[in-house]
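Here's the structure we're looking at; comments come further down.
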Amino acid sequence: MKIFNYKRVPYAEMRAFSVHILTASGSFLAFLGVVAAAEHRFIDMFWWLGLALLVDGIDGPIARKVRVKEVLPNWSGDTLDNIIDYVTYVLLPAFALYQSGMIGEPWSFAAAGMIVVSSAIYYADMGMKTEEYFFSGFPVVWNMIVFTLFVMDASAMTAMIVVTVSVFLTFLPINFLHPVRVKRLRPLNLGVFFLWSALGIYSLLMHFDMPHWAVVLFIISGIYLYCIGAVLQFFPALGKSE
Numbered sequence: 003m004k005i006f007n008y009k010r011v012p013y014a015e016m017r018a019f020s021v022h023i024l025t026a027s028g029s030f031l032a033f034l035g036v037v038a039a040a041e042h043r044f045i046d047m048f049w050w051l052g053l054a055l056l057v058d059g060i061d062g063p064i065a066r067k068v069r070v071k072e073v074l075p076n077w078s079g080d081t082l083d084n085i086i087d088y089v090t091y092v093l094l095p096a097f098a099l100y101q102s103g104m105i106g107e108p109w110s111f112a113a114a115g116m117i118v119v120s121s122a123i124y125y126a127d128m129g130m131k132t133e134e135y136f137f138s139g140f141p142v143v144w145n146m147i148v149f150t151l152f153v154m155d156a157s158a159m160t161a162m163i164v165v166t167v168s169v170f171l172t173f174l175p176i177n178f179l180h181p182v183r184v185k186r187l188r189p190l191n192l193g194v195f196f197l198w199s200a201l202g203i204y205s206l207l208m209h210f211d212m213p214h215w216a217v218v219l220f221i222i223s224g225i226y227l228y229c230i231g232a233v234l235q236f237f238p239a240l241g242k243s244e
């Protein structure tokens, strides 16, 4: 008589649920980021945020590989992913912006409020993606926006203008780039995205004290990523293969 029958162990379910645990771990990384931001350790906060985004980038492919939706149909990976995304893409960056005092009182409070409220509404939009996988409206990537403001050491006026314009664009039918899924100009888009990411890592290693040329290149690449979706929208033939 066998005491342990390994064939009855639900390996598929265990693998699938481990992916959910991986996704959920982003919430703890975000919590560590909140602690760092509360203590004004913004470099540490962005490292934690970057690690959370790395988890966000790998959990999807793993989930598809182990067929999480089929194996665990009663657990919604999409819902879990949206919760983690809201915390890491929206709530933590908004808190960092407020905590830094970059904009100054009371405007920093107002800016953070606009960010969290507009983003919550955006996450409820069922039509946020176009057929070409662009985002329709600013896709509430406040982690990138706030990080850029920190790197460029933005003035209060500049930061407030960027926040206000981005909140406004959240609700307009203007395309924004998904650097991986959009096929048009994909090699260029990915190249610019990797350049922006590399310079971002460099800025953290340098404690936001990069050479001027690197800051300028970081800002230019960020502007490209911010605007190229609208450019491709208004020039629909641009980047399409014959």
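If you're matching positions, the sequence shown starts at 3 in this note's numbering and goes up one per residue.
Glycine residues also receive a C-beta, built at the ideal position from the N, C-alpha and C atoms.
Predicted, not measured: the structure shown is a model, and the values here were computed from it.
Compute the distance between the beta-carbons of valine 142 and threonine 166, then report whether it is under 8 Å.
Taking 8 Å as the Cβ cut-off, valine 142 and threonine 166 do not qualify as a contacting pair.
Residue closest to proline 12, alpha-carbon to alpha-carbon, out of Leu51, Leu227 and Val73
Closest option to proline 12, Cα to Cα, is Val73.
Do you know offhand how far tryptophan 50's Cα is from phenylalanine 195's?
Cα to Cα, tryptophan 50 sits roughly 20 Å from phenylalanine 195.
Buried or exposed (CB count within 10 angstroms, at least 16 for buried), leucine 56
Exposed, by the Cβ-count rule.
Tell me which residue opens and which closes the alpha helix (DSSP H) that serine 243 is part of.
Looking at the DSSP string, serine 243 is not in any alpha helix (DSSP H), and its letter there is neither H nor E.
Rounded to whole angstroms, what's the CA-CA distance from alanine 18 to valine 218? Just pull it up for me.
When the Cα atoms are used, alanine 18 and valine 218 turn out to be separated by approximately 44 Å.
Simplified DSSP state of lysine 185, which is helix, strand or coil:
Note: lysine 185 maps to coil in three-state DSSP.
Looking at the secondary structure, which residues open and close the alpha helix (DSSP H) in which alanine 172 lies?
With the sequence shown as reference, residue 172 is identified as threonine, and alanine is not the correct amino acid for it. For threonine 172, there is no enclosing alpha helix (DSSP H), as DSSP marks it with neither H nor E.
Serine 110, DSSP secondary structure in three states
When DSSP states are grouped into helix, strand and coil, serine 110 belongs to the helix group.
Is proline 75 buried or exposed, if buried means 16 or more other CB atoms sit within 10 Å of its CB?
Proline 75 is classed as exposed because its beta carbon has fewer than 16 other beta carbons within 10 Å across all chains shown.
Taking all protein chains shown into account, decide if phenylalanine 44 is buried (16 or more other Cβ within 10 angstroms of its Cβ) or exposed.
With 16 or more other Cβ atoms within 10 Å, it is buried.
Buried or exposed: where does isoleucine 147 fall if 16 or more other Cβ atoms within 10 Å of its Cβ makes it buried?
Counting the other Cβ atoms within 10 Å of the Cβ of isoleucine 147 gives 16 or more, which makes it buried.
Isoleucine 60 burial status per 10 Å Cβ neighbour count (16 or more: buried):
With fewer than 16 other CB atoms across the displayed protein chains lying within 10 angstroms of its CB, isoleucine 60 is exposed.
So, helix, strand or coil for phenylalanine 137, using DSSP?
The answer is strand: DSSP assigns phenylalanine 137 an E or B state.
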